[in-house]
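**Student:** Numbering (the numbering used here), first residue to last: 442 to 566.
(1) What's the gap between the Cα of residue 559 and the Cα of residue 522?
(2) In chain order, what residues of the same chain lie with their CB nearer than 8 Å to the CB of residue 465, ignoring the 5 residues before and after it?
(3) Assuming residue 447 contacts residue 462 under a Cβ cut-off of 8 Å, what Cβ separation, rounded to an integer in Å, is found between them?
(4) Using beta-carbon positions only, say whether residue 517 and residue 565 come within less than 8 Å of one another.
(5) Assign residue 549 to one of three DSSP states: helix, strand, or coil.
(6) Would residue 474 pass as a contact of residue 499 if the rule is Cβ separation under 8 Å?
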């Protein structure tokens, strides 16, 4: 199977040597998405707004690949502080109302740009 690079201007560009997403067969894997509000270019620091921005960026990339949030089967959520877990969950649940994907959520020492959250996803097409 060939590897297809997925890229959209509707989500932040890579800040390193990686792609926004890769498609192999009918699977799309997004890179971790920082909470950058694409309307303003600002890095969101409030956990709820940050979660929304990260998931909006995941959504934009998946749509560019020809899929959608309801096709996501696995996510990984990286948080700066697990004290934000409930705020992240509150917003996250609005994106996955039925049959939510499998998920891991881990606290990390630091994220790029000192973000409070970063989210990546795997989806089918």
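All C-beta atoms in this analysis are idealised placements derived from N, C-alpha and C, irrespective of residue type, glycine included.
**Tutor:** A quick look at the data gives this:
(1) Residue numbering aside, residue 559 sits at position 118 when the chain shown is read from its first letter. Residue numbering aside, residue 522 sits at position 81 when the chain shown is read from its first letter. Whole-angstrom Cα-Cα distance: 12 Å.
(2) Translated into the one-based positions of the chain shown, residue 465 becomes position 24. Listed in chain order, the non-local C-beta contacts of residue 465 below 8 Å within the same chain comprise 442, 443, 444, 445, local neighbours out to five positions each way being set aside.
(3) Within the chain shown, the letter at position 6 stands for residue 447. Within the chain shown, the letter at position 21 stands for residue 462. About 4 Å; that satisfies the 8 Å criterion.
(4) What you label residue 517 is simply residue 76 of the chain shown in a count that begins at 1. What you label residue 565 is simply residue 124 of the chain shown in a count that begins at 1. The Cβ atoms of residue 517 and residue 565 do not sit closer than 8 Å to each other.
(5) Position 108 of the chain shown, counting from 1, holds the residue named residue 549. Secondary structure of residue 549 (DSSP, three-state): coil.
(6) Translated into positions along the chain shown, residue 474 becomes position 33. Translated into positions along the chain shown, residue 499 becomes position 58. Remark: C-beta atoms of residue 474 and residue 499 approach each other more closely than 8 Å.
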